[in-house]
Structure formats: structure tokens, C-alpha cells
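Be aware that the sequence shown starts at 0, since it is given in numbering that gives the first Met the number 0, and climbs by one per residue.
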Amino acid sequence: MDEGWIQPEPPEQNTGRSVAVVGSARRDWPRQQLRRAGHSVTVYEKSDRIGGLMRYGIPNFKLEKHLLDRRIEQMRAEE
């Protein structure tokens, strides 16, 4: 990311479909995949910040949270 290899990939066109994703802790980031396909996506999360298990269940020495935040910013740039 620091070298610019990973860039946001916004969809070329919107499909007009809406999708709800419950929880944000999945490894495959379904929200990002659905948005890249052109769907409007709403994430419902019970915690105050998205990331679920990756944010609250994995200790910082195993996964530094700034890396998770950087990935989340990439997804927000694809909106």
C-alpha cells in the first residue's frame, strides 16, 4: 500500500441493487466484493467500529490495528 501497488477499485457502474451485510469480521470482505460488483452495500455492525474479530479479538502484537484501518479506508474510497 505504501508503494502504491494497492489502489481503490470503485465500480465502473452501479447495478441499482442493494445488499445488507450483517457483521464485518469476515476474512473475505464481502462488502468490498459486492461494492466492486456495483451494488449498494449497507453493513450492520453491533460494535462501535467495523472489523469485528480482527479488531477486537486479535491482539495488537499479532495484527496491528493501523493495518486494519488502512484496509477500511481503501474500502471507503471505493464508495
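Each residue gets a CB set at the ideal place from its N, CA and C atoms; glycine is no exception.
All values derive from a computational prediction rather than experimental measurement.
Please report the distance separating the alpha-carbon of residue i from that of residue j.
i	j	result
residue 61	residue 12	38 Å
residue 71	residue 57	16 Å
residue 19	residue 0	28 Å
Please state if the CB of residue j and the CB of residue i are separated by a distance shorter than 8 Å.
i	j	result
residue 67	residue 50	yes
residue 21	residue 30	no
residue 39	residue 16	yes
residue 9	residue 73	no
residue 23	residue 2	no
residue 48	residue 77	no
Just to check my reading of the structure: residue i and residue j have Cβ atoms closer than 8 Å, yes? What is that Cβ distance to the nearest angstrom?
i	j	result
residue 64	residue 75	Actually they are not in contact, since the Cβ atoms of residue 64 and residue 75 sit about 16 Å apart, beyond 8 Å.
On a Cα-Cα basis, can you pick out the residue from the options that is closest to residue i?
i	options	result
residue 37	45, 14, 46 and 78	14
Please specify which runs of the beta strand (DSSP E), each continuous and at least 3 residues long, are wholly inside the stretch 30-72, giving them in chain order. 39-43
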